[in-house]
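Numbering (my numbering), first residue to last: 233 to 1026.
Every residue gets a Cβ at the ideal spot worked out from N, C-alpha and C, and that includes glycine.
Model, not experiment: these values are computed from the prediction.
Everything below concerns the one structure shown next.
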């Protein structure tokens, strides 16, 4: 029945909408000016090498486009931007209507092979994709240059006659040709929108090619071709002589397809980077970084020419102060400047540098009350010796060098503070280029997963006091509050986003929507939130406790939540096969991993801390070996993405879906983070609020990955990869955003700790007694009394 209904349905699911085609055309039109702008910026720095390329940009871009588009047409069946939107090009059969729907439903692979563009069709489409746009850009440029009329010179040469007729064509004929060009495109677009033609462009009608959506047969063929190429490369690498493995990586035969295929990931990554930079310049973080760059900037005294330096004169007999004597014997009366005195009101120094010297209250604007040393201006004259002029030159040189030095120090500070974020990008880049062989993926996954998580929680067990750990385990209200947000609030919001996205059936793949629900139902992360809480100066002990509790109850709650949300009978749930048992193996595998990698290492760390406290202090605090936790987390991230790239998980999804998942992941994490912080501020302190902010929105892969293999049986490896893609992208983005959020949280927590100290010093300076909540005087501490006595003596 489903087969017959598909034949009788008037809706063609493989036909792209006019909005998809317009989006693809706009993206393709934005690439040349964007690249030209980047090249122009680089040419300002290196004009010797890039100026010639910039002057011939249209030809260089056309040549590169020819190489890229030919590769994508032969490998993926569509252009570079069409592949980004999940589109392809296919030939139109010379049968009536151009459709063979029965054959396409019965044998889709054979129909795809018959309709794919190949041979001469590739060069026809290259003419449409590269040749016509290049000719259009050159004619538009020539029209703007030669629009002014000019007369044919007498006794003109053949070249001058040709140029004169060419300019006459541009002025009189080309406007009509240009209007016909756009009118034909508009006419075909309207006809395509109302199903009057199969071609969205007149040039596609000329070459008898139409644009279609990529079907499952296309993705299977692309995966099979990539697997065959990978096996061939592995066989060639295995047959190579020792020492040639790295050289084979840069061989043109393997580098050419690898480099062009990586453009599929570079385009969405560049779009995300553009949006990230837009957020960067509009956020408060960039202002904090610029403030850090100008912190402690010392301006040298001004150098004014035209007046001599004053030197002290001899003392008088009556003890008066000596008067300054000019260096030069000649009298100088500058017409503009004159000598004067600046009265400065001075007071005794306050008992603390954090108090105002006038009112003895805490300083709210340190720059207004900072001690200032006023020096007389240095006047340079022709009579000044050469040493003084050299000193002035040194001052000018220092003035030029200091801003650059401050910017460099700010960059170094950012690298030192956010080295984990930079390392994360490095390991992802390595994983995308070189992967472990598929036969060794399971051994690598088990080894890295157990070893890295064990190191992280062993360090946590060694550095957290046992008493503090037990006190945080007793906070049952905190446990209910955090786990309710992590499991119930986050999963409900994720399901709401999926329900809104699923209103358009052709926008996102069904398994990707299921993967978003999977990710929202996972427990909190096992290791990253502990490290980021410690970096943000939050309650790391509470984070460790919530991590252990969440991952203990996660295997029971997560499958129930997934079953509950997928029982809504939405259209994307129809791809799920009938379910059977299989949770016994899941529980055994998950609890074995958690027990050996979380609970046992943390217990061993507590024992080591109890028997060897001094050694633990020296190793993890003095020697700073606690950084091994961050390095272990980077290794775990590399393992995850190495497995994803080795299995081809990202190549199974079109680029527009990847971009949407990236942006919806950023929006989800931001929303979850804001809600958790706002709810925590109602009753928790700042350190506990940071712990909640790091636990509630974070999600783990340790349960999501094995659960994706067990919950749904009898599904293909491609569908399993699609479920895992939202979880993989969420891991990267949550670590990046959590790492950046530590900057703001750290300043917020430190400001909260400094405020009570400033209040105590203010009360000490005002009389040594504090005022309680009821308005009664309360005695101050011995330290405050000592400060008061010291201030009284002064």
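The residue among 975, 885 and 415 with its C-alpha nearest the C-alpha of residue 454 is 885. Cα atoms of residue 751 and residue 958: separation of roughly 7 angstroms, rounded to the nearest angstrom. Looking at the DSSP output, residue 284 bridges to nothing.
Inclusion of residue 790 and residue 798 in the CB contact set at 8 angstroms is not warranted, their separation being larger than that value. Cα atoms of residue 896 and residue 499: separation of roughly 17 angstroms, rounded to the nearest angstrom.
Three or more beta-carbon pairs separated by less than 8 angstroms are not found between the stretch 755–768 and the stretch 907–914, which leaves the two stretches without contact. Residue 700 and residue 668 have their alpha carbons spaced roughly 42 angstroms apart.
Check the Cα spacing between residue 438 and each of 665, 361 and 691: the tightest is with 361. When Cβ pairs closer than 8 angstroms are counted between the two stretches, the stretch 872–885 is seen not to touch the stretch 723–735, the count staying below three. Note on geometry: alpha-carbon atoms of residue 445 and residue 253 lie some 11 angstroms from one another. With contacts defined by Cβ atoms closer than 8 angstroms, residue 922 and residue 981 form a contacting pair. Out of 972, 395, 261 and 246, the CA that lies nearest to the CA of residue 647 is found in 972.
Within the stretch 733–776, not a single complete beta strand (DSSP E) segment reaches 3 residues in length. DSSP, reduced to helix, strand and coil, places residue 669 outside both helices and strands of the structure shown, so it counts as coil. Between residue 841 and residue 890, the alpha-carbon positions lie close to 46 angstroms from each other.
Closest in C-alpha terms to residue 689, from the list 737, 825 and 747, comes 825. When Cβ pairs closer than 8 angstroms are counted between the two stretches, the stretch 856–871 is seen to touch the stretch 671–690, the count reaching three or more.
DSSP places residue 291 within a helical segment (H, G or I) once states are collapsed to three.
Per DSSP, the unbroken beta strand (DSSP E) holding residue 319 starts and ends at 319–323. Within the DSSP secondary-structure output, residue 348 pairs in a beta bridge with 322. Taking residue 382 as reference, the option from 389, 396, 370 and 390 with the minimal CA-CA separation is 396. A direct Cα-Cα distance of roughly 13 angstroms separates residue 649 from residue 968. Spatial neighbours of residue 741 in its own chain (CB-CB distance under 8 angstroms, excluding positions within 5 residues in sequence) are listed in chain order as 885, 889 and 954.
Short of 6 angstroms from the beta carbon of residue 851, and not among the five residues preceding or following it, lie these beta carbons of its own chain, in chain order: 857. It is roughly 57 angstroms from the alpha-carbon of residue 401 to the alpha-carbon of residue 659. Contact between residue 865 and residue 684 holds, since their C-beta atoms are separated by about 7 angstroms, short of 8 angstroms. By the CB criterion at 8 angstroms, residue 966 and residue 931 fall inside the cutoff. Secondary structure of residue 885 (DSSP, three-state): coil. Inclusion of residue 427 and residue 320 in the CB contact set at 8 angstroms is not warranted, their separation being larger than that value.
If you look at residue 443, you'll find it in the beta strand (DSSP E) that goes 441–445. Between residue 290 and residue 399, the beta carbon gap of about 19 angstroms keeps them out of contact (Cβ cut-off 8 angstroms).
Taking a C-beta distance under 8 angstroms as the contact criterion, residue 304 and residue 315 qualify as a contact pair. Following the DSSP letters along the chain, one finds residue 705 inside the alpha helix (DSSP H) bounded by residues 698–705.
By the neighbour-count criterion, in which a residue is buried when 16 or more other Cβ atoms sit within 10 angstroms of its Cβ, residue 266 is exposed. If you ignore the 5 residues before and after residue 670, its C-beta comes within less than 7 angstroms of the C-beta of 878, all in its own chain and listed in chain order. Leaving aside the five residues that flank residue 416 on each side, the residues in its chain whose CB is nearer than 8 angstroms to its CB run, in chain order, 434.
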